[in-house]
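As structure tokens, the structure follows; a few thoughts come after it.
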Amino acid sequence: MSDQPRPLDPATLAVWGGEDRYLLDRATQVPVVHSVAFGYEDID
Numbered sequence: 768m769s770d771q772p773r774p775l776d777p778a779t780l781a782v783w784g785g786e787d788r789y790l791l792d793r794a795t796q797v798p799v800v801h802s803v804a805f806g807y808e809d810i811d
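So, in structure tokens, the structure goes:
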């Protein structure tokens, strides 16, 4: 096993390329982010 990190695949760069730091910090599970890209003017 090499101590050198592998280059990131294009798909990984597409998702994480804009981040200024590595967000997972060696986590074994991907963090769950509860968010939504839309909203409602009125929920009644």
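The numbers in this note's numbering rise by one with no breaks, and the one at position 25 of the sequence shown is 792. Yeah, the Cβ is synthetic: ideal placement off N, Cα and C, and Gly gets one too. This one's a predicted model, so the numbers in the text were calculated from it and none came from an experiment.
What is the DSSP secondary structure of residue i, reduced to helix, strand or coil?
{"i": "Val782", "result": "helix"}
{"i": "Pro777", "result": "helix"}
Following a CB-centred definition, is residue i positioned closer than 7 Å to any heavy atom of the ligand GTP?
{"i": "Phe805", "result": "Judged by which ligands are present, the structure shown has none, so any question about the ligand GTP falls away."}
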